[in-house]
Amino acid sequence: METPLITARNVSYSYKNGDEVTVGVQDLSLDVNRGEFCVILGHNGSGKSTFAKLLNGFLLPDEGEIFVDGVDTKDEQRVYDIRSKVGMVFQNPDNQMVASIIEDDVAFGPENLGVPREEIIQRVDAALNAVNMTEYRTRTPHKLSGGQKQRVAIAAILAMRPSVLILDESTAMLDPEGRREVLDVVRRLNREDGVTVILITHYMDEAVGADRVFVFDKGRCILRGTPREVFSETDTIRATKLELPVATSVSADLSAAGYDVPLCLTDEELCEAICKLS
Ligand SMILES: Nc1ncnc2c1ncn2[C@@H]1O[C@H](COP(=O)(O)OP(=O)(O)O)[C@@H](O)[C@H]1O
Ligand SMILES: [Mg+2]
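Counting along the sequence shown from 1, when you hit position 165 you're at 542 in this note's numbering, and nothing is skipped either side.
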């Protein structure tokens with residue numbers, strides 16, 4: 378079997394401020410395969426961002442180890458390598474723009490990597506095309522909508538040709554339209570271009586189409602599996618105060634009330650199940 382793109386083995390990390398120690402993640406083990414679309418769910422403070430920062434070597438494990446594309450994040454000679462393999466898109470689109478023209482912003486990463494001029498042009502073209510922002514290339518980012526800004530931020534990461542794209546609550550500040558735009562782009566990049574994606578979110582509905590879902594709680598991964606496997610654990614999910622997708626919640630309640638309804642992930646499935654009741 379092919380080795381996973383990302384392997385985390387018994388990873389623990391705590392933040393230390395003077396005498397105060399705060400657990401970030403605890404004894405976390407998980408793999409992400411090449412080409413997978415993984416979603417990490419969890420409440421505020423459950424360790425999602427800490428895990429993301431451990432993946433790109435911004436933080437190093439206190440215990441355990443992390444390999445990205447075969448490279449140990451603790452390998453000091455490969456720090457640069459790890460950073461370019463793990464592309465991160467953050468929550469606030471306004472903090473991610475470095476240039477006043479969109480195409481310059483997207484070119485910034487590969488320029489820093491020392492990519493030759495000709496290839497930079499190709500990469501910028503491809504990246505802007507991949508996020509449907511080609512027509513905006515010579516404009517200024519400031520006037521874009523939140524969803525458009527996040528798509529430019531994704532293009533800027535893609536231009537560095539990362540092995541994995543991590544989106545850390547990148548849809549949290551967007552309106553529903555912007556959220557949908559960004560998710561559509563990310564899903565297409567995964568499906569058509571084979572980009573490995575780790576999507577961190579607290580919107581349960583964003584997890585429905587994922588290959589695999591990990592639920593974090595208090596720095597640990599408490600549930601993992603396909604969305605259907607994970608959302609079947611309705612009691613555990615409700616106990617962590619995460620909200621199930623509406624269709625899942627309604628179908629679980631109907632089933633608990635004695636109706637013959639299977640667990641549904643989407644509104645379509647729920648409609649079909651209810652229509653079959655007679
Ligand atoms: N820079 C920091 N200093 C101290 N504690 C931190 C810091 N960043 C995060 N934490 C703590 O680590 C825990 C995990 O946080 P985080 O990984 O940011 O969770 P999430 O991204 O799931 O909201 C929380 O208890 C949080 O308060
Ligand atoms: Mg976070």
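Note that the Cβ used here is the ideal one computed from N, Cα and C, for glycine as well.
Across the set VAL483, GLY571 and ALA587, the C-alpha of ALA587 shows the shortest separation from the C-alpha of THR578.
Between the C-alpha atoms of PRO518 and ILE531 there is a straight-line separation of about 13 Å.
When the alpha-carbon of ILE575 is set against those of GLY401, VAL398 and LEU407, the nearest one is in LEU407. Contact between the segment 603-617 and the segment 448-455 is absent: fewer than 3 CB-CB pairs across the two stretches fall below 8 Å.
CA-to-CA, the gap between ALA634 and ASN469 works out to about 42 Å. DSSP, reduced to helix, strand and coil, places TYR513 within a helical segment of the structure shown.
A contact is defined here as three or more CB-CB pairs under 8 Å, and the segment 398-405 meets this definition with respect to the segment 381-390. Here GLU379 is exposed. Its C-beta has fewer than 16 other C-beta atoms within 10 Å. Taking a cut-off of 8 Å for Cβ pairs, the segment 530-546 and the segment 453-473 touch, as three or more such pairs fall below it.
Here LEU642 really is in contact with VAL585; their C-beta atoms are around 5 Å apart, less than 8 Å. ASN410 and ALA429 have their C-alpha atoms roughly 16 Å apart.
Of GLU645, ASP637, ASP612 and ILE614, the smallest CA-CA separation from ALA624 is found for GLU645.
DSSP places LEU405 in no alpha helix (DSSP H) but in the uninterrupted beta strand (DSSP E) bounded by 397-409.
According to DSSP, residue pairing for THR384 in a beta bridge involves ASP408 and PHE444.
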